[in-house]
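Chemist: In the working numbering, the protein residues as written are 54 to 268. We treat Cβ as the ideally placed atom computed from N, Cα and C, and that holds for glycine. The structure is given below, and queries will be raised subsequently.
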Ligand SMILES: [Zn+2]
């Protein structure tokens, strides 16, 4: 078999691209379109057989039907109206990640642990010399007032700036073989108090909600 021979998707028979293709355990491939029919957060596709992939696609179809018809949004956490993050169904003890076109539904019971991963960077000498809006944001983020509102979330230390914020949810056993959900809490990143407030507010609402369930 030639190294560059085009392969076919074992599910739909379509040609698989060289860049977007997923190898299964027995050497078969599935294409990007068929991968999209699987749950969003499934990990370890290379360990699955064709039949297991087919089962996951059926589960995803049932998930999407339930999300349309049965999932009752009792609480919703958004960064802003253009960036929805999480919907919670308190009746069923479930949640869904809204940034995905077709959200997977998870149970709060399936969460192993969760935290906010804050990325910070030491300010450069040039940055500390700035007397601009930039340093006002840095001062605001390290102020007591700001920290006291979000005691459970990590804070930026004095002399540092925030370069990214991620909400990490690690999952235990679940039918979708998902291991983790990592949400970018600064989808429109800019160094402004407005964006950082939105990120902290939304992350804190999600954090407090999961904390209620996990105790
Ligand atoms: Zn395919």
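1) Kindly list the residues whose CB is nearer than 6 Å to the CB of residue 161, restricted to its own chain and excluding five residues on each side of it in sequence; keep chain order.
2) Note the first and the last residue of the continuous alpha helix (DSSP H) segment covering residue 116.
3) For residue 73, does the count of other Cβ atoms within 10 angstroms reach 16, so buried, or fall short, so exposed?
4) From the DSSP output, in three-state form, read off residue 73 for me.
5) Go through the residues and name those whose CB comes closer than 7 Å to any heavy atom of ligand 1, in chain order.
6) Could you tell me the boundaries of the alpha helix (DSSP H) in which residue 175 lies?
7) What is the C-beta distance between residue 171 and residue 138, in whole angstroms, given that I count them as a contact (C-beta under 8 Å)?
Modeler: Per the coordinate set shown:
1) 146, 266
2) 103-122
3) exposed
4) Note: residue 73 maps to coil in three-state DSSP.
5) 62, 64, 65, 67, 83, 84, 86, 87
6) Taken as a continuous stretch (DSSP letters only), residue 175 belongs to no alpha helix (DSSP H), being part of the beta strand (DSSP E) at 164-175.
7) Not quite, the Cβ-Cβ distance comes to about 16 Å (not below 8 Å), so this is no contact.
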